[in-house]
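**Q**
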Amino acid sequence: MSLRKDKLNFNILKVKGFNLTFIILIAIQLIILIFTTVLFIYSIVSANLKILSVIGFVGLLLICLPVATYLYLTTLNITIKRIFLGLNLMILFNSIAGIFWFLLPALIHADFLIPFAMLMMVLGYLPIAYIMLDTFINQKSKLAGVIKLLIFYVNGIFILSSLYLILTHMPSYAGNNYSVVIYTAAVIGDVLIVSLSTVLFLINIPTQHRYIYSIIFIFYSISFIGDTCELIKFMNLYSLPDVSEIVYGFMFLFLIGALIAYLLSNVKFTTIEEVNKKLQDTTLVVEDLITQSPDPICMCDPAGNVLKTNSEFTKIMNIACGDEKSINIFNYNFNTEPDIKEMLREARTGKTVVLESVNIPQGEKNRYLSLKLYPTYSSDRNITSYILMGVDITERRNAYELLEAKVNERTSELSILNNALQKEIAEHRIDEEKIKASLKEKEVLLKEIHHRVKNNMQVISSMLELQTAYINDRHLIDIIRDCQNRIKSMALIHEKLYQSNNLAYVNFSVYISSLISNLLGSYRNQRDHIKIVTDIEDISFNIDMAIPIGLLLNELITNSLKHAFEEDTQGEIFISIKDQGSGQFKITVKDNGKGLPENFDINSLKTLGLNLVNILVDQINGSLEIVNENGTQFVILFPYDR
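In my numbering, the protein residues as written are 2 to 643.
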């Protein structure tokens with residue numbers, strides 16, 4: 002069936018008698034409600050309607066409409082869901098028609114509502130006819146064309162004949178034209194829906210959908226009889242007894258019974274036969290599972306008596322074929338290591354017991370099983386049986402023991418290798434300590450060398466300073482001071498080296514600050530009005546590059562301090578060292594003084610300072626560019642691989 006099973010379930014308790022009593026009580030309440038409503042309405046319309054019609058109308062309103070609505074809401078199949086929607090609308094239109102046709106005229110004498118009620122009755126055909134026609138169009142390919150043609154041919158001939166008869170007898174209607182039109186439309190609707198339901202019934206014979214199409218077929222066939230009688234009456238063709246009201250009443254009673262039967266056919270009652278069949282099916286499945294299982298399985302009753310085993314169990318447990326059902330598992334000696342009797346006794350308390358590795362002797366070989374014993378329970382939590390299951394883990398156990406032996410062997414080898422490695426590491430550590438001590442000793446020695454070189458240079462500088470006290474020639478004094486500055490610039494290199502943690506490189510941002518301080522101390526008369534600005538990147542040079550670069554900077558700064566500015570004039574000297582990338586560095590020394598003389602050529606000069614600059618630039622494989630504009634600018638480019 003196509004109903005949602007969670008929507009309606011009369012099996013409140015799994016007891017057949019209770020469910021039947023429950024349904025009877027609901028039916029009694031419903032009958033009382035219908036009986037009371039029928040008496041109330043019949044007391045109003047008894048002059049115009051028979052009791053059967055009233056019962057049909059009340060049943061249509063109180064039973065058919067709710068049941069059809071419920072079936073529409075709970076049906077999952079889209080096609081049948083649409084059919085129930087059409088039935089709902091038909092029932093709704095007919096209920097409204099009944100109220101306006103019989104109830105309101107009797108209550109308030111509103112006979113003028115009857116034509117409207119007749120129209121509502123006809124409009125009730127449209128939804129169900131449209132839905133069934135659309136369903137037929139979607140499913141027509143499932144039925145042979147000859148059958149469809151025959152059905153629609155016969156009904157088409159009937160409709161055309163009826164229309165011909167109506168049109169040729171129009172003068173005899175005696176003012177009943179509206180009623181004739183209404184019942185003509187009703188008869189045509191009946192024939193159309195009967196034809197469609199016949200075709201759809203034939204298409205859906207293999208499915209349960211045929212039931213709903215058969216209900217529609219019978220309902221509209223009865224409607225066709227009643228509508229035909231009314232049409233003949235209003236056409237004044239024959240004098241018929243007033244049977245249409247009985248037909249309509251019977252029609253609605255049929256619909257009530259059919260929908261209730263269709264609804265109840267979707268409710269499954271739990272019968273003893275069904276329970277027995279399910280129990281038998283379950284038992285067969287369990288027996289098949291036990292028999293076909295590749296693992297040993299034993300099933301016994303709550304007392305421990307064996308009910309069922311498979312061949313694997315009797316084979317592994319060394320039980321003779323045919324003797325298994327005489328065994329009580331709680332008393333039987335299975336000859337295992339460890340003894341599983343204690344495990345079996347513990348399971349009698351309702352516990353699930355597992356033994357991971359049970360040794361079962363098999364001649365000269367051993368079989369290992371992982372055993373699990375657990376109880377099964379009934380719905381009231383009483384133990385119904387015990388299941389003893391085993392998994393043969395012999396191969397896994399042997400593989401584990403082999404693996405464990407190999408692991409122990411490898412562990413022993415690793416232990417030997419580890420001891421050798423520890424010894425080698427200890428020897429390397431001793432050698433490393435010796436190397437560190439040697440390096441420390443060399444570092445101390447190297448620092449001492451740099452320190453002594455610096456001290457010796459300072460001694461030379463001090464001796465030159467003492468010598469100037471005995472010289473009156475100013476030119477000679479300047480020459481000696483230039484030599485002192487050159488010696489100090491080299492001494493500074495050694496001083497920075499032995500003060501640094503890194504004895505191989507000199508940080509020039511620190512070195513230049515000390516060099517500038519030393520030069521300004523030598524030229525005190527320039528110190529107050531000459532400003533020196535630096536832009537030095539964090540660059541370090543090794544000693545081979547540091548000494549010539551230090552001497553270069555010493556010569557260029559000294560040259561600017563001595564010659565770039567007039568006495569007592571303000572000035573600025575700019576110094577920068579930049580990494581240009583790709584292993585190229587750039588030194589710039591620039592002043593804003595009076596500049597160099599015209600036709601200046603550094604290569605033709607005989608002064609030691611600028612000649613020394615040329616020599617030092619060549620020594621570091623650099624190039625020198627002099628810009629004589631707004632002062633003097635010396636730019637030196639040189640390669641250096643850090």
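Each residue gets a CB set at the ideal place from its N, CA and C atoms; glycine is no exception.
What's the C-alpha gap between Ile540 and Phe586?
**A** Reading the sequence shown from its first residue, position 539 is the one you call residue 540. Reading the sequence shown from its first residue, position 585 is the one you call residue 586. Each residue's alpha carbon lies about 10 Å from the other.
**Q** Do the segment 579-597 and the segment 632-639 meet, that is, are 3 or more Cβ pairs less than 8 Å apart?
**A** yes
**Q** According to the neighbour-count rule (16 or more other Cβ atoms, all chains shown, within 10 Å of its Cβ), is Ile723 buried or exposed?
**A** The structure shown does not extend to residue 723, since the chain is modelled only from 2 to 643, so the question has no answer here.
**Q** Is Asn78 helix, strand or coil by DSSP?
**A** Taking the sequence shown and counting its residues from 1, the one referred to as residue 78 is at position 77. Residue state, collapsed to three classes: coil.
**Q** Considering only C-alpha positions, which residue in the set Phe113, Asp296, Ile537, Phe566 is nearest to Lys373?
**A** Counting from one through the sequence shown, the residue named residue 373 turns up at place 372. It is Asp296 whose Cα lies nearest to the Cα of Lys373.
**Q** Hey, how far is the Cα of Ile627 from the Cα of Val618?
**A** As a working mapping, residue 627 is identified with position 626 in the sequence shown. As a working mapping, residue 618 is identified with position 617 in the sequence shown. Whole-angstrom Cα-Cα distance: 13 Å.
**Q** Let me know the secondary structure DSSP gives Lys15 once reduced to three states.
**A** Position 14 of the sequence shown holds residue 15. For Lys15, the predicted structure reports a pLDDT of 45, less than 50, and the residue's modelled location is therefore unreliable. A value from the coordinates is still provided. Looking at Lys15 - three-state DSSP - the assignment turns out to be coil, as it is neither helix nor strand.
**Q** Can you tell me the Cβ-Cβ gap for Gly584 and Tyr641, rounded? I've got them flagged as a contact below 8 Å.
**A** Working through the sequence shown from its first residue, we reach residue 584 at position 583. Working through the sequence shown from its first residue, we reach residue 641 at position 640. The pair is a contact, with the Cβ atoms about 6 Å apart (cut-off 8 Å).
**Q** Return the chain-ordered list of same chain residues with a C-beta closer than 6 Å to the C-beta of Ile64, the five sequence neighbours on each side being excluded.
**A** Taking the first residue of the sequence shown as position 1, residue 64 is located at position 63. Ile257, listed in sequence order.
**Q** Would you call Ala69 buried or exposed, if buried means 16 or more other Cβ atoms sit within 10 Å of its Cβ?
**A** Against the sequence shown, residue 69 aligns to sequence position 68. Ala69 comes out buried.
**Q** For Thr283, name the three-state secondary structure that DSSP assigns.
**A** Taking the sequence shown and counting its residues from 1, the one referred to as residue 283 is at position 282. In the structure shown, Thr283 sits in a helix (DSSP, three-state: H, G or I).
**Q** Output the distance between the C-alpha atoms of Ile645 and Ile328, rounded to the nearest integer angstrom.
**A** Outside the displayed span of the chain (2 to 643) sits residue 645, for which this structure offers no information.
**Q** With DSSP as the reference, label Leu124 as helix, strand or coil.
**A** Translated into the one-based positions of the sequence shown, residue 124 becomes position 123. Per DSSP, reduced to three states, the secondary structure at Leu124 is helical.
**Q** Give me the Cα-Cα distance between Asn615 and Leu625, rounded to the nearest whole angstrom.
**A** The residue you call residue 615 lines up with position 614 of the sequence shown. The residue you call residue 625 lines up with position 624 of the sequence shown. Going by the C-alpha atoms only, they are around 8 Å apart.
**Q** Of the choices Ile247, Glu231, Ile461, whose alpha-carbon is the least far from that of Asn178?
**A** To locate residue 178, count along the sequence shown from 1; it is residue 177. Ranking the options by Cα distance to Asn178, first place goes to Glu231.
**Q** Enumerate in chain order the residues of its own chain whose CB-to-CB distance from Thr377 is below 8 Å, with the five nearest sequence positions on each side excluded.
**A** Residue mapping note: residue 377 aligns to position 376 of the sequence shown, counting from 1. So the qualifying residues of the chain are Ile384, Thr385, Ser386, Tyr387, Ile388.
**Q** Between the alpha carbons of Val287 and Gly351, how many angstroms are there, rounded?
**A** Along the sequence shown, one-based indexing puts residue 287 at 286. Along the sequence shown, one-based indexing puts residue 351 at 350. For Val287 and Gly351, the distance between alpha carbons rounds to 21 Å.
**Q** Use the C-beta contact count for Ser245: other C-beta atoms within 10 angstroms, 16 or more gives buried, fewer gives exposed.
**A** Walking along the sequence shown from the start, residue 245 turns up at place 244. Per the 10 Å Cβ criterion, buried.
**Q** Does the segment 123-140 come close enough to the segment 179-194 that 3 or more CB-CB pairs lie under 8 Å?
**A** yes
**Q** Closer than 6 Å by C-beta to Leu9: which residues in its own chain qualify, once you throw out the five before and the five after it? Chain order, please.
**A** If you number the sequence shown from 1, residue 9 lands on position 8. Note that Leu9 has pLDDT 42, beneath the 50 cutoff, so the model's placement of it is unreliable and no number is given.
**Q** Apart from the five residues on each side of it in sequence, which residues of its chain come closer than 6 Å, Cβ to Cβ, to Ile115?
**A** The sequence position of residue 115 within the sequence shown is 114, counting from 1. Excluding residues within five positions, the ones whose Cβ falls inside 6 Å are Trp102.
**Q** Provide the residue(s) that pair with Met390 in DSSP beta bridges, ordered along the chain.
**A** As a position in the sequence shown, residue 390 is number 389, starting the count at 1. Answer is Ile298, Lys373.
**Q** Does the distance from the C-beta atom of Leu120 to that of Ile183 stay below 9 Å?
**A** Numbered from 1 along the sequence shown, position 119 holds the residue referred to as residue 120. Numbered from 1 along the sequence shown, position 182 holds the residue referred to as residue 183. Against a cut-off of 9 Å, the Cβ pair of Ile183 and Leu120 comes out as a contact.
**Q** Do Leu308 and Ile217 have their C-beta atoms within less than 9 Å of each other?
**A** The residue labelled residue 308 in the question sits at position 307 within the sequence shown. The residue labelled residue 217 in the question sits at position 216 within the sequence shown. The answer is no: Cβ separation not under 9 Å.
**Q** What did DSSP end up calling Asn334 once you bin it into helix, strand or coil?
**A** Within the sequence shown, the letter at position 333 stands for residue 334. Three-state DSSP puts Asn334 in coil, outside helix and strand.
**Q** Whose C-beta lies closer than 7 Å to the C-beta of Met469 among residues of the same chain, with five residues either side of it excluded?
**A** If you number the sequence shown from 1, residue 469 lands on position 468. Note on identity: in this sequence residue 469 is Thr, with Met being the wrong assignment. Contacts found: Ile478, Ile481.
**Q** Rounded to whole angstroms, what's the CA-CA distance from Leu552 to Leu613? Just pull it up for me.
**A** Looking up residue 552 in the sequence shown gives position 551. Looking up residue 613 in the sequence shown gives position 612. When rounded, the distance between both Cα atoms is 9 Å.
**Q** By the three-class DSSP mapping on this structure, what secondary structure does Ser463 have?
**A** The sequence position of residue 463 within the sequence shown is 462, counting from 1. In the structure shown, Ser463 sits in a helix (DSSP, three-state: H, G or I).
**Q** Have a look at Tyr506, His476, Leu465 and flag the residue whose alpha-carbon is nearest the alpha-carbon of Lys489.
**A** The count along the sequence shown starts at 1 and reaches residue 489 at position 488. Checked all of Tyr506, His476, Leu465; the closest Cα to Lys489 is Leu465.
**Q** Specify, as a first and last residue, the run of the beta strand (DSSP E) that Ile550 falls within.
**A** Numbered from its first residue, the sequence shown carries residue 550 at position 549. Here Ile550 belongs to no beta strand (DSSP E); instead the alpha helix (DSSP H) covers 544-564.
**Q** Thinking just about the alpha-carbon of each residue, which of Ala348, Met390, Asn367, Leu356 is nearest to the one in Thr292?
**A** By one-based count along the sequence shown, residue 292 stands at place 291. Nearest option by C-alpha distance: Met390.
**Q** Check each candidate in Asn306, Glu428, Gln281 and name the one with the smallest Cα separation from Lys326.
**A** For this step, residue 326 is matched to residue 325 along the sequence shown. Cα-wise, what sits closest to Lys326 is Asn306.
**Q** Measuring alpha carbon to alpha carbon, tell me which of Glu402, Asp545, Lys279, Ile531 ends up nearest Glu674.
**A** No information on residue 674 is available, as it lies outside the stretch 2 to 643 that the chain covers here.
**Q** Which of the three DSSP states is assigned to Gly99 in this structure?
**A** Indexing the sequence shown from 1 puts residue 99 at position 98. Of the three classes helix, strand and coil, the one that applies to Gly99 here is helix, per DSSP.
**Q** Mapping the DSSP letters down to three states, classify Glu428 as helix, strand or coil.
**A** For the purposes of this step, residue 428 is taken as residue 427 along the sequence shown, with counting starting at 1. Helix.
**Q** Using the Cα positions of Glu599 and Asp529, report the straight-line distance between them to the nearest angstrom.
**A** Start at 1 with the first residue of the sequence shown, and residue 599 comes out as number 598. Start at 1 with the first residue of the sequence shown, and residue 529 comes out as number 528. Distance between the alpha carbons of Glu599 and Asp529: 29 Å.
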